[in-house]
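Accompanying notes for the structure given below.
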Amino acid sequence: MSAADTLNVTHEDALAIDDCWNRIGIHGDKSCPLLSEHIHCRNCAVYSAAATRLLDRYALQQDDREQVSTVAGSDVKTRSLLMFRLGEEWLGLATRSLVEVAPLQAIHSLPHQRSRALLGVANVRGALVACLSLVELLGLDGTSGVASGARVMPRMLIIAAHGGPVVVPVDEVDGIHAIDERILDVASQSGAQASAKYTRGVLQFKGRSLRWLDEEQLLSAVTRSLT
């Protein structure tokens, strides 16, 4: 399943759910008779019920893919990692788990949240997508480590969880980098740090200590947070 196909799962859900908020609600022609009472669709029981139905669908499996890069005429196995920051910590996640890096969007909380990590839902091109806190899931300190006045751009990562796309807000994105698997093999033997929650290893990158996340463990934890 490609990244585009993964996001299409959510669009199919939106069609099945009947996204009235896009037709007659706050994102449509505003003709819904309930809008005057609720002010915004996110306050309506219909919206909450649709979000709950979406969360019930997170049970599909995702195909796993490996990447091989050719460097200087010889086959060198590399893994593409997306480098991003949460609070003071830099992390790397395999790009095979990534659907898209998106601008920061409004997150709408839900009544009766299923877990502390579940922040709510966001509207991604008209489709409801569940939003999770990686800070909560990984047990991190979410306090920003960036000096006041520094220009950083918070983003949202759309990741391909086992049940479909999930949005996670991050404080900063450095970019995607191909890392030699030999370096990652050494990182996976980095002692006590590598035994941290959902972590495959720790490596030095651009003068930073980078925590390389175990995507399978992380995505399984994401699914558990949604079911």
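Residue numbers for the sequence shown follow UniProt numbering, beginning at 1 and rising by one. All residues carry an ideal CB built from backbone N, CA and C; glycine is no exception.
Practice problem: Would you tell me roughly how many angstroms separate the C-alpha atoms of residue 87 and residue 140, rounded to the nearest one? | Solution: A direct Cα-Cα distance of roughly 8 angstroms separates residue 87 from residue 140.
Self-check item: Inter-residue spacing [alpha-carbon to alpha-carbon] between residue 217 and residue 165
Solution: Annotation: residue 217 to residue 165 spans about 16 angstroms, alpha carbon to alpha carbon.
Exercise. Could you tell me which uninterrupted beta strand (DSSP E) segments, each at least 3 residues in length, are contained entirely in the segment 116-162, listed from first to last along the chain?
Key: Positions of the beta strand (DSSP E) runs, each at least 3 residues long and wholly inside the segment 116-162, are given as 118-124, 127-132, 155-161 in order along the chain.
Practice problem: Could you give the DSSP three-state label for residue 187: helix, strand or coil? | Solution: It is helical.
Quiz item: If you compare alpha carbons, which of 20, 126, 90, 37 is closest to residue 143?
Solution: With distances taken between Cα atoms, residue 143 lies closest to 90.
Quiz item: Would a check of beta-carbon distances place residue 133 closer than 8 angstroms to chain D?
Solution: Structure shown: chain D not included; a single protein chain is present.
Exercise. Output the boundary residues of the alpha helix (DSSP H) element that contains residue 217.
Key: Residue 217 -> alpha helix (DSSP H) spans 215-226.
Quiz item: Would you call the CB atoms of residue 176 and residue 168 closer than 8 angstroms?
Solution: Not in contact: residue 176 and residue 168 (Cβ atoms no closer than 8 angstroms).
Quiz prompt | Cβ neighbours of residue 26 in the same chain (closer than 6 angstroms, five flanking residues each side left out) | solution = For residue 26, where only same-chain residues beyond five positions count, the Cβ hits under 6 angstroms are 40, 41.
Self-check item: Status (buried if at least 16 other CB within 10 Å, exposed otherwise) for residue 45
Solution: By the neighbour-count rule (16 or more Cβ atoms within 10 Å), residue 45 is not buried but exposed.
Quiz item: Start and end of the alpha helix (DSSP H) containing residue 37?
Solution: 35-38 is the extent of the alpha helix (DSSP H) around residue 37.
Quiz item: Rounded to whole angstroms, how far is the Cβ of residue 85 from the Cβ of residue 170, which I believe are closer than 8 angstroms?
Solution: So it is a contact: roughly 7 angstroms between Cβ atoms.
Practice problem: Just the C-alpha distance for residue 65 and residue 178, rounded to the nearest angstrom, thanks. | Solution: Caution applies to residue 65, whose pLDDT of 38 falls short of 50 and renders its modelled position unreliable; the model cannot decide the point.
Practice problem: Just the C-alpha distance for residue 104 and residue 21, rounded to the nearest angstrom, thanks. | Solution: About 20 angstroms.
Quiz item: Taking buried to mean at least 16 other C-beta atoms within 10 Å of its own C-beta, is residue 202 buried or exposed?
Solution: Flag for residue 202 reads buried.
Quiz item: Among the residues of its own chain, which have a CB less than 7 angstroms from the CB of residue 132, if the five just before and after it don't count?
Solution: Excluding sequence neighbours, residue 132 sits near 117, 118, 119, 166, 168, 222, 225.
Quiz item: In terms of residues, what are the limits of the beta strand (DSSP E) holding residue 85?
Solution: Segment 78-86, the beta strand (DSSP E) holding residue 85.
Quiz item: Skipping 5 residues on each side, what residues in its chain have a beta carbon closer than 6 angstroms to that of residue 123?
Solution: Within the same chain, residue 123 has no close Cβ partners at all.
Practice problem: Return the chain-ordered list of same chain residues with a C-beta closer than 7 angstroms to the C-beta of residue 34, the five sequence neighbours on each side being excluded. | Solution: Only 44 meet the Cβ criterion.
Exercise. List the endpoints of the continuous alpha helix (DSSP H) containing residue 23.
Key: Here the alpha helix (DSSP H) through residue 23 covers 20-23.
Quiz item: Rounded to a whole number of angstroms, what is the C-alpha to C-alpha distance between residue 196 and residue 211?
Solution: Looking at the backbone, the Cα of residue 196 and that of residue 211 are separated by about 9 angstroms.
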